[in-house]
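Engineer: Keeping their order, the protein sequence lines are chains A and B. Counted from 1, the first sequence has number 324 at position 324 by UniProt numbering; the numbering is strictly sequential. Counted from 1, the second sequence has number 324 at position 324 by UniProt numbering; the numbering is strictly sequential. Quick one: this structure, given as structure tokens, is what I'll be asking you about.
There are 2 protein chains.
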Amino acid sequence: MAQEIVSKSIKLSADLPLDCGQVLSGVEIAYETYGELAADKSNAILICHALTGDQYVASDHPITGKPGWWQRIVGPGKVIDTDRYHVICANVIGSCMGSTGPASLAADGQPYGMRFPVITIRDMVRGLVGLLDELGIEKLHTVIGGSMGGMQALSLAANWPERAERMLVIASSARHSAQNIAFHEVGRQAIMADRYWNGGDYYASDASPDNGLAVARMAAHITYLSEEGLTEKFGRNLQDRETKSFGFDADFQVESYLRYQGSGFTQRFDANSYLYITRAMDYFDLAEEHGGTLANAFAGASARFCLISFDSDWLYPTAESRHIVHALNAAGAKVSFVELSAPHGHDSFLLEHEQLDRVMRGFLDG
Amino acid sequence: MAQEIVSKSIKLSADLPLDCGQVLSGVEIAYETYGELAADKSNAILICHALTGDQYVASDHPITGKPGWWQRIVGPGKVIDTDRYHVICANVIGSCMGSTGPASLAADGQPYGMRFPVITIRDMVRGLVGLLDELGIEKLHTVIGGSMGGMQALSLAANWPERAERMLVIASSARHSAQNIAFHEVGRQAIMADRYWNGGDYYASDASPDNGLAVARMAAHITYLSEEGLTEKFGRNLQDRETKSFGFDADFQVESYLRYQGSGFTQRFDANSYLYITRAMDYFDLAEEHGGTLANAFAGASARFCLISFDSDWLYPTAESRHIVHALNAAGAKVSFVELSAPHGHDSFLLEHEQLDRVMRGFLDG
């Protein structure tokens, strides 16, 4: 059965008040949907994407031509079965795949650049809720998100508890740790140090800060993988050579891989968006938004929660998920929690994992 | 009692054959010594420094004016007691504090830059052994090194086993892992992406690749600290402000700290040296140098070994030290090993630690 793909963009009719105090008008939200919306609108699932993700969760990426980032999970007969569910995945504001972000035109007809307001995870969710309002979807069957997507699910649960019946939060955290912030700051400094960044004003230029963005991506990419996974996949293997070159080429496979990840990323992502979205993640602290006690964030929660972590994830380790589970328990919410064993670190949520599939299916059907 | 400080540099009379096949002539080794050499030369301790360390182990740094990097450990009456021991600490070749490196003048009177040969840890030790030859020191009481310094101690033990009676290896490894290489590659790419790097030819220029070098240092610095240590020291505390700025200044203390570490580093270190030394570390695999079996590296060892690791060190975790200990055991060497508990990650070897002091004292006196 052929998969129907709908690619759309909606201009929100309502203004978007932001946490910084500014208001964004005429916000565009680019999104994709998969599967039919039931007549009673009871089968809508919102998938929230991660830092460098996008709405192309289960359709080919328009720039890279690669399959959707969760094609494995979303589709007819798959874990998130589009024969049963109507799946919505929208590009977050601040990003660069069609939703309003720093590359968008401001009122003066010029790209925002660094004039774009600093946004938060909650602001991203404001944009998503705005989209749901436009689509006339009052209550979601489930909100699902991994990594930064999980932060959005948590923020939605805390601030718009009436909008979803189930929250599935994978490999995520309710706050960014000092180490999380530190890695992001390295990436931002790499971008800002690039000769072509030019204070964020490069959209009309022939060159963009690709080198800085590639370095940022390389540093971040290491945090997505486990030490064990890197050793298993690359070890100290040399790339296309028998002996070391005694030079600065990519002698080791892991160097070659990282360079490839870095340069590939620059073809599909905007450096300023990287600055804004990492900032939003660093600012995220759901407890702080609710008087310093995470349980308060979930005081009004009637949804069912499922938290999933991976034992080799050192970016958002299991302790962060457990911290959320404790808060949900304290708030009297319905919550299940499982730590899965996987060798591939944070990226495990994007990879083949039978137990992950089983847990997700069970939760969606429950 | 005033501490006598001797600052010297020696030009090696012998050529230095390198692992890459090239030969360096007229190599300068800059070094410091502390304490008197006994008439029978039996009390000499060689301290090997880490990646960004130098010979100023217990004397003020000539550029920063800060105390020596192991001032806490080395001095009269201290753990390495300069009333009893003659301590030698030399700048490794490839570095930038007086020993021959990429900023040194080549035969044509111009700085080597990237014409400097790619060196290895064993090459660094060749330089140190050359220094010992010049100083007429046949056998060291002890070789001590933390981190890259420990790699030098291991290399010396494997290749010049007759030159030392004791080897003290702290927070180190016999090989660089894929993750270790990956982090170094990020740093190198950051330097090479800097507009002022110019293929390594910047010594006559007004500007040097400070931004790239700072990013490299920031990324590396995160790996020197533990997640727990960062959380304890900085958490999500804001820097000199009550609320978030909703901008890209260093809102968080951890950002401010990292920026300070990055920019401070550029004042005292050469970007090309950073490329060469990280490359040497990435190339390090003591087993590979000895037919693929680490125990072979220590086949001729008569020295006593002491290995120390820290439980929160994720750069060179305890497993790496244990791996060395197993090889030493297999080779029939005398070895003691202790994992110390410390919250501060890899950097623990530089910080106050009573048990570390006790283990070191015991080993030196034994």
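Using N, Cα and C, we set each Cβ at its ideal position, and we do this for glycine too.
Does DSSP put E352/B in a helix, in a strand, or in coil?
Structural biologist: As a first step, residue 352/B must be located in the second sequence, where it is residue number 352. Coil at E352/B, not helix or strand.
Engineer: Which partner residues does I308/A have in the DSSP bridge list?
Structural biologist: Along the first sequence, read from residue 1 onward, the residue named residue 308/A stands at position 308. For I308/A, which the question treats as bridged, DSSP gives the partners I170/A, V338/A.
Engineer: Would you please state the rounded distance, in angstroms, between the beta carbons of F183/B and A219/B? I believe it to be under 8 Å.
Structural biologist: As a working note, residue 183/B is residue 183 in the second sequence. As a working note, residue 219/B is residue 219 in the second sequence. Sure, about 6 Å apart at Cβ, within 8 Å.
Engineer: If the criterion is Cβ atoms closer than 8 Å, does the pair L131/A and A103/A meet it?
Structural biologist: The residue you call residue 131/A lines up with position 131 of the first sequence. The residue you call residue 103/A lines up with position 103 of the first sequence. No; because the gap between Cβ atoms is not below 8 Å, this pair is not in contact.
Engineer: Using only the alpha-carbon positions, how far apart do Y283/B and G229/A sit?
Structural biologist: As a first step, residue 283/B must be located in the second sequence, where it is residue number 283. As a first step, residue 229/A must be located in the first sequence, where it is residue number 229. About 20 Å.
Engineer: Beta-carbon separation of A327/A and F363/A under 8 Å?
Structural biologist: Stepping through the first sequence from its first residue, residue 327/A is reached at position 327. Stepping through the first sequence from its first residue, residue 363/A is reached at position 363. Cβ distance not < 8 Å, so A327/A and F363/A don't count as in contact.
Engineer: For a contact defined as C-beta to C-beta under 7 Å, what are the partners of Y283/B on chain A?
Structural biologist: Along the second sequence, one-based indexing puts residue 283/B at 283. K244, listed in chain order.
Engineer: Does DSSP put A331/A in a helix, in a strand, or in coil?
Structural biologist: The sequence position of residue 331/A within the first sequence is 331, counting from 1. A331/A: coil per DSSP, three-state reduction.
Engineer: Can the beta-carbon of H176/A be found closer than 8 Å to that of I45/A?
Structural biologist: Here residue 176/A corresponds to residue number 176 of the first sequence, with the count starting at 1. Here residue 45/A corresponds to residue number 45 of the first sequence, with the count starting at 1. Cβ distance not < 8 Å, so H176/A and I45/A don't count as in contact.
Engineer: Shortest alpha-carbon distance to M124/B belongs to which of E36/B, H61/B, C48/B?
Structural biologist: By 1-based counting over the second sequence, the position of residue 124/B is 124. When each option's Cα is compared against that of M124/B, the closest is C48/B.
Engineer: Run through the DSSP bridge pairs and tell me what G146/B is partnered with.
Structural biologist: Walking along the second sequence from the start, residue 146/B turns up at place 146. G146/B is bridged to I170/B.
Engineer: Tell me, please, which residues DSSP counts as bridged to R175/B.
Structural biologist: Looking up residue 175/B in the second sequence gives position 175. Note: R175/B sits in a beta bridge opposite D285/B.
Engineer: Would DSSP call G264/A helix, strand or coil?
Structural biologist: By one-based count along the first sequence, residue 264/A stands at place 264. Residue state, collapsed to three classes: helix.
Engineer: Per DSSP, what kind of secondary structure is E4/A in: helix, strand or coil?
Structural biologist: Here the question's residue 4/A lines up with position 4 in the first sequence. In this predicted model, E4/A has a pLDDT of only 42, less than 50, meaning its place in the structure is not dependable; the value taken from the coordinates is given anyway. Note: E4/A maps to coil in three-state DSSP.
Engineer: Might you give, ordered along the chain, the residues of its own chain that have their beta carbon closer than 6 Å to the beta carbon of C306/A, omitting 5 neighbours on each side?
Structural biologist: Taking the first sequence and counting its residues from 1, the one referred to as residue 306/A is at position 306. Once the five neighbours on either side are set aside, the close Cβ partners of C306/A are L168, S336, F363.
Engineer: Taking DSSP as the reference, what is the three-state secondary structure of H31/B?
Structural biologist: Position 31 of the second sequence, counted from the start, is the residue given in the question as residue 31/B. The sequence given here places Tyr at residue 31/B; His does not occur at that position. Correct three-state label for Y31/B: strand.
Engineer: Note down the Cα distance separating G199/B from L225/B, rounded to an integer number of angstroms.
Structural biologist: One-based indexing of the second sequence puts residue 199/B at position 199. One-based indexing of the second sequence puts residue 225/B at position 225. Each residue's Cα considered, the two are about 31 Å apart.
Engineer: Please report the residue range of the alpha helix (DSSP H) in which L37/B lies.
Structural biologist: Residue numbering aside, residue 37/B sits at position 37 when the second sequence is read from its first letter. No alpha helix (DSSP H) contains L37/B, which DSSP labels as neither H nor E.
Engineer: Could you check what DSSP says for F252/A in three-state terms: helix, strand or coil?
Structural biologist: On the first sequence, residue 252/A is found 252 positions in, with the first residue counted as 1. Looking at F252/A - three-state DSSP - the assignment turns out to be strand.
Engineer: Could you say which of E162/A, G187/A, A106/A, R115/A lies nearest to P209/A if we only look at CA atoms?
Structural biologist: Counting from one through the first sequence, the residue named residue 209/A turns up at place 209. When only C-alpha atoms are compared, the closest one is G187/A.
Engineer: Below 7 Å CB to CB, which residues in the same chain sit around G26/A once its five sequence neighbours on both sides are set aside?
Structural biologist: Locating residue 26/A in the first sequence gives position 26, counting from the first residue. Cβ neighbours of G26/A beyond the five flanking positions: K11.
Engineer: List, in order along the chain, the chain B residues whose C-beta lies closer than 9 Å to that of M125/A?
Structural biologist: For the purposes of this step, residue 125/A is taken as residue 125 along the first sequence, with counting starting at 1. What sits at residue 125/A in the sequence shown is Val, not Met. Here the premise fails: no neighbours, minimum Cβ distance about 17 Å.
Engineer: Indicate whether at least one CB of chain A lies closer than 8 Å to the CB of C96/B.
Structural biologist: For the purposes of this step, residue 96/B is taken as residue 96 along the second sequence, with counting starting at 1. With 8 Å as the cut-off, C96/B does not count as an interface residue toward chain A.
Engineer: Starting from the C-beta of Q355/B, find all residues in its chain whose C-beta is less than 6 Å away, skip the five residues before and the five after it, and write them out in chain order.
Structural biologist: The residue you call residue 355/B lines up with position 355 of the second sequence. Excluding residues within five positions, the ones whose Cβ falls inside 6 Å are L340.
Engineer: From the DSSP output, in three-state form, read off L156/A for me.
Structural biologist: Walking along the first sequence from the start, residue 156/A turns up at place 156. Residue state, collapsed to three classes: helix.
Engineer: Would T231/A count as contacting chain B if we go by Cβ distances under 8 Å?
Structural biologist: Residue mapping note: residue 231/A aligns to position 231 of the first sequence, counting from 1. With 8 Å as the cut-off, T231/A counts as an interface residue toward chain B.
Engineer: Identify the contact partners of G247/B in chain A, using a Cβ-Cβ distance below 8 Å as the criterion.
Structural biologist: On the second sequence, residue 247/B is found 247 positions in, with the first residue counted as 1. Simply V118.
Engineer: Apply the 10 Å Cβ neighbour rule to N43/A and answer buried if 16 or more other Cβ atoms are within range, or exposed otherwise.
Structural biologist: To locate residue 43/A, count along the first sequence from 1; it is residue 43. Burial call: buried.
Engineer: Shortest alpha-carbon distance to E134/A belongs to which of A14/A, G146/A, R358/A, S99/A?
Structural biologist: As a first step, residue 134/A is located in the first sequence; it is residue number 134 there, counting from the start. Answer by Cα proximity: A14/A.
Engineer: Across the stretch 63-80 of chain A and the stretch 153-162 of chain A, are there enough close Cβ pairs to call them in contact, namely three or more that are closer than 8 Å?
Structural biologist: no
Engineer: Taking Cβ-Cβ distances shorter than 8 Å, what residues in chain B pair up with F265/A?
Structural biologist: Counting from one through the first sequence, the residue named residue 265/A turns up at place 265. Near F265/A there are no residues of chain B at all, since even the closest Cβ is about 13 Å away, more than 8 Å.
Engineer: For V254/B, return the contacting residues in chain A, with the cut-off set at a CB-CB distance below 7 Å.
Structural biologist: Here residue 254/B refers to the residue found at position 254 of the second sequence. Within chain A, A178, I181, A182 have C-beta atoms less than 7 Å from the C-beta of V254/B, given in sequence order.
Engineer: Please classify E242/A as buried or exposed, where buried requires at least 16 other C-beta atoms within 10 Å of its C-beta.
Structural biologist: Here residue 242/A refers to the residue found at position 242 when the first sequence is read from its first residue. Under this definition E242/A is an exposed residue.
Engineer: In its own chain, which residues sit with a C-beta less than 6 Å from the C-beta of E320/A, not counting the 5 before and 5 after it?
Structural biologist: The sequence position of residue 320/A within the first sequence is 320, counting from 1. So the list reads S173, once near-sequence residues are dropped.
Engineer: Does the distance from the CB of S147/B to the CB of A50/B come in under 8 Å?
Structural biologist: Locating residue 147/B in the second sequence gives position 147, where the first residue counts as 1. Locating residue 50/B in the second sequence gives position 50, where the first residue counts as 1. Yes, the Cβ-Cβ distance between S147/B and A50/B is below 8 Å.
Engineer: Any idea if N237/A is buried or exposed, counting beta-carbon neighbours within 10 angstroms, 16 or more meaning buried?
Structural biologist: Residue 237/A sits at position 237 when you count from the first residue of the first sequence. When all chains shown are included, N237/A counts as exposed.
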